[in-house]
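Asker: Can you keep this structure in mind? I'll have questions shortly.
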Amino acid sequence: MSRIEPVKWQPPAAPELVGEYEVNNALAGVEIWPAPGVAPEDVVLDAQGRVYAGLEDGRILRYPPDGGEPQVIADTNGRPLGLEIDGDGRLVICDAYQGLLRLEPDGTLTTLADSYEGERFLETNNAAIAADGTIYFSVSSTRFDIAHYKLDLMEHSDTGRLFALRPDGTLELLLGGLYFSNGVALSADESFVVVAETGLYRVSRLWL
Numbered sequence: 032m033s034r035i036e037p038v039k040w041q042p043p044a045a046p047e048l049v050g051e052y053e054v055n056n057a058l059a060g061v062e063i064w065p066a067p068g069v070a071p072e073d074v075v076l077d078a079q080g081r082v083y084a085g086l087e088d089g090r091i092l093r094y095p096p097d098g099g100e101p102q103v104i105a106d107t108n109g110r111p112l113g114l115e116i117d118g119d120g121r122l123v124i125c126d127a128y129q130g131l132l133r134l135e136p137d138g139t140l141t142t143l144a145d146s147y148e149g150e151r152f153l154e155t156n157n158a159a160i161a162a163d164g165t166i167y168f169s170v171s172s173t174r175f176d177i178a179h180y181k182l183d184l185m186e187h188s189d190t191g192r193l194f195a196l197r198p199d200g201t202l203e204l205l206l207g208g209l210y211f212s213n214g215v216a217l218s219a220d221e222s223f224v225v226v227a228e229t230g231l232y233r234v235s236r237l238w239l
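Sequential numbering from 32 applies to the sequence shown in this note's numbering.
What follows is the structure in structure tokens.
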């Protein structure tokens with residue numbers, strides 16, 4: 032029996048390539064920094080201008096501000112996706128296999144959250160951190176892990192979720208029924224959080 036339980040749906044028409052979607056060469060002059068590995072998913076800068084990236088094999092890299100040779104500062108033994116810097120300058124990592132992690136100053140990794148109500152996260156994806164320390168983060172699917180994420184998109188599954196991890200350690204489910212919840216961002220005044228739903232080509236907003 033197939034693992035896939037597909038849902039019939041009609042994707043929306045793609046917007047025309049005009050106006051803000053018009054083809055341009057804005058990225059033609061970017062500087063490319065080599066990475067000693069495959070598929071850096073996300074990048075984030077710390078207060079010193081250093082750049083962090085996570086590779087497919089689990090390594091976390093830190094580049095100097097000038098783009099010189101990167102240093103391997105951690106290995107999650109998983110698949111790091113979204114990266115953020117918290118208010119204390121620590122790196123927070125959304126690891127698809129290991130959950131929500133934090134890299135401590137001594138180089139150890141702390142697991143902040145890896146399950147909800149006894150169900151282990153299958154694909155912790157992306158996060159945004161509020162001024163009060165609350166971490167808003169997405170878990171893309173309860174059906175498939177990252178090794179099989181394409182099956183989730185083929186199935187058109189709506190099992191993605193958005194969580195909030197409070198500074199006291201309380202974990203709250205804010206939104207469910209999301210179609211492969213992916214990128215997360217807070218508004219400038221932190222009055223709302225948005226989450227991208229890859230499987231439905233949309234961005235959803237939650238007022239806080």
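Backbone N, C-alpha and C define an ideal beta-carbon position, used for all residues, glycine too.
1. Could you tell me the boundaries of the beta strand (DSSP E) in which ASP126 lies?
2. Could you say which of GLY118, ALA159, ASP137 lies nearest to LEU131 if we only look at CA atoms?
3. Comparing C-alpha positions only, which one of THR201, VAL49, ASP137, THR173 sits nearest to ILE35?
4. So, helix, strand or coil for THR190, using DSSP?
5. Taking C-beta to C-beta, are GLY109 and ASP73 nearer than 8 Å?
6. Distance, Cα to Cα, ALA78 vs PRO136?
7. Quick one, which of ASP163, LEU204, ASP183, VAL170 has its alpha-carbon nearest PRO198's?
8. So what does PRO111 bridge to, in DSSP terms?
9. Please tell me whether ARG174 has its Cβ less than 8 Å away from any Cβ of chain C.
10. Could you tell me the distance, in whole angstroms, from the CA atom of TYR94 to the CA atom of PRO101?
11. Please tell me whether GLU154 and ASP176 are closer than 8 Å, where the distance is taken between their beta carbons.
12. Any idea what DSSP makes of TYR180, helix, strand or coil?
13. Spatial neighbours of VAL234 within its chain, please: C-beta separation below 6 Å, excluding the five flanking residues on both sides.
14. Helix, strand or coil: how does DSSP classify LEU140 here?
15. Let me check one thing: in DSSP terms, what residues is SER212 bridge-paired to?
16. Could you pull out every residue in the same chain whose Cβ sits closer than 8 Å to the Cβ of PRO96, ignoring the five residues on either side in sequence?
17. Return the chain-ordered list of same chain residues with a C-beta closer than 7 Å to the C-beta of GLY68, the five sequence neighbours on each side being excluded.
18. Would you report the Cα separation of VAL61 and TYR210, rounded to the nearest angstrom?
19. Short of 7 Å in beta carbon distance, which residues of its chain neighbour LEU239, apart from the five on each side in sequence? Order them along the chain.
20. Tell me whether GLU72 sits in a helix, a strand or coil according to DSSP, three-state version.
21. What's the C-alpha gap between PRO42 and VAL75?
22. Please report how far the alpha carbon of VAL169 lies from the alpha carbon of ASN56, in whole angstroms.
Answerer: The short version:
1. 122-126
2. ALA159
3. THR173
4. coil
5. no
6. 15 Å
7. ASP163
8. ASP126
9. Absent here is chain C; the protein component of the structure consists of one chain.
10. 4 Å
11. yes
12. helix
13. VAL225, ALA227
14. strand
15. GLU228
16. GLN79, GLY80, ARG81, VAL82
17. LEU86, GLU87, ASP88, ARG90
18. 32 Å
19. GLU221, SER222, PHE223, VAL224
20. coil
21. 32 Å
22. Looking at the sequence provided, one finds Ser at residue 169 rather than Val. Their Cα atoms are separated by approximately 32 Å.
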